[in-house]
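For the sequence shown, my numbering gives the first residue as -13, with consecutive numbering after it. Where is the CB? At the ideal position from N, CA and C, for every residue including glycine.
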Amino acid sequence: MNDSAVRTRTDPRISRRRKAVARTKKRRAMVRALVVAGVGLAGWVTFFSPLLAIKEVKLSGAEHTTAADVARVVDLDSSTNLLLLKTDEVAAAVKTLPWVKSVSVDRKLPGTVRLRVTERRPAMAVAIGEERYLIDRRARVLSSTEAAEGVPMLAGLRVDLPQPGDRLSSTQLKSALQAFSAMPRRLRRDVQAVFAPTVERITFQLSDGIQVRYGAAEEMASKNEVLEVLLARLRGEGRSAFYVDVRVPEAPAVSPLP
């Protein structure tokens, strides 16, 4: 063997190291390719895959609000990707429905939207012309109604016919609601009708026929305290056809109905 052959022979250790480096580069290239492919696949799943499309909407806590009501104000269907759903915008839209006081919106993979609704409570019914409407304590119109069960009726309100979701601006109505809402629950349950021709002339008719001249929505704690005492006395004596006047709580009066 001559000297040139000896000089061109590669050291086996160098050869092995070169091969190892080549394999490492190849593995790294494969890993990078897999990462890029994974990111691309994740992006496709996030934005385009039907796997995460909305398939079901679950509505809970609602007695008067239906899935059809929700569908009228917000699109929650298979055209929307669950991960891209803007829950705050959905909640804002659902809160525009007349009965909805608050709502939480949650996602559940792979394709469910959960709406948990807290509804408003009717406080009173109002008669406007020939129509009847349920309203809450803030004078928000909840719905039209034919029968006012469990809430008193206020008649003679002179406002334009509202739509569910509108807020009535009548000062007489607001004063009547304020006075009624300030009553203890046991008194509110006893009220059948409310009259408020002016803000200073609020009158409540009770279930046994007693009429309460309440006056303005002022000094309500004192008026309610005096009213409960007088009602207990009248009913204890078996009397019902009476006016109870608490407009001046320091000087209440009781008189027979004419």
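For residue i versus residue j, is the C-beta distance shorter than 7 Å?
{"i": "Arg153", "j": "Arg126", "result": "yes"}
{"i": "Ile40", "j": "Val76", "result": "no"}
Look at the alpha carbon of residue i and the alpha carbon of residue j, and state the distance between them as a whole number of angstroms.
{"i": "Val234", "j": "Gly136", "result": "29 Å"}
{"i": "Glu211", "j": "Glu42", "result": "52 Å"}
{"i": "Thr51", "j": "Gly195", "result": "35 Å"}
{"i": "Gly47", "j": "Thr189", "result": "35 Å"}
{"i": "Arg93", "j": "Met169", "result": "41 Å"}
{"i": "Ser130", "j": "Ala179", "result": "18 Å"}
{"i": "Val60", "j": "Arg118", "result": "28 Å"}
{"i": "Ala111", "j": "Thr104", "result": "20 Å"}
{"i": "Ala237", "j": "Lys209", "result": "10 Å"}
{"i": "Arg175", "j": "Ala78", "result": "33 Å"}
{"i": "Arg124", "j": "Ser64", "result": "37 Å"}
{"i": "Gln246", "j": "Gly222", "result": "The requested residue 246 is not part of the displayed model; the chain covers only -13 to 244."}
{"i": "Pro245", "j": "Ser226", "result": "The question about residue 245 has no answer, for the chain in this structure spans -13 to 244."}
{"i": "Lys87", "j": "Leu128", "result": "11 Å"}
Just tell me which of the options has its CA closest to the CA of residue i.
{"i": "Leu68", "options": "Ile114, Pro148, Val91", "result": "Val91"}
{"i": "Arg102", "options": "Ala133, Phe190, Leu45, Ser129", "result": "Leu45"}
{"i": "Glu186", "options": "Leu192, Ala179, Thr157", "result": "Thr157"}
{"i": "Asp55", "options": "Leu173, Ala162, Gly151, Ala203", "result": "Gly151"}
{"i": "Trp85", "options": "Val76, Arg107, Gly224, Leu243", "result": "Arg107"}
{"i": "Leu83", "options": "Asp63, Gly115, Glu49", "result": "Glu49"}
{"i": "Ala53", "options": "Ala109, Thr73, Phe181, Val80", "result": "Val80"}
{"i": "Ala182", "options": "Arg171, Gly201, Leu71", "result": "Gly201"}
{"i": "Phe166", "options": "Leu213, Glu132, Asp146", "result": "Leu213"}
Where does residue i land, buried or exposed, given buried means 16+ other C-beta within 10 angstroms?
{"i": "Pro138", "result": "buried"}
{"i": "Asp122", "result": "buried"}
{"i": "Ser161", "result": "buried"}
{"i": "Ala203", "result": "buried"}
{"i": "Leu37", "result": "exposed"}
{"i": "Ile114", "result": "buried"}
{"i": "Gly224", "result": "exposed"}
{"i": "Gly142", "result": "exposed"}
{"i": "Ile0", "result": "exposed"}
{"i": "Ala57", "result": "exposed"}
Once the 5 residues before and after residue i are set aside, which same chain residues still bring their CB inside 8 Å of it?
{"i": "Val240", "result": "Leu216, Leu220, Phe228, Tyr229, Val230, Asp231"}
{"i": "Thr66", "result": "Ala39, Ile40"}
{"i": "Met(-13)", "result": "Unreliable placement is indicated for Met(-13), whose pLDDT of 48 sits below 50; the coordinate value is still reported in the next sentence. Cβ within range, chain order: n/a, list empty."}
Hey, is residue i close to the ligand ATP, as in C-beta under 6 Å from one of its heavy atoms?
{"i": "Gly151", "result": "Absent from the structure shown: the ligand ATP. Ligands present: none."}
Tell me which same chain residues have a C-beta within less than 6 Å of the C-beta of residue i, skipping the five on either side of it?
{"i": "Gln191", "result": "Gln178, Ala179, Gln197"}
{"i": "Glu205", "result": "Pro235"}
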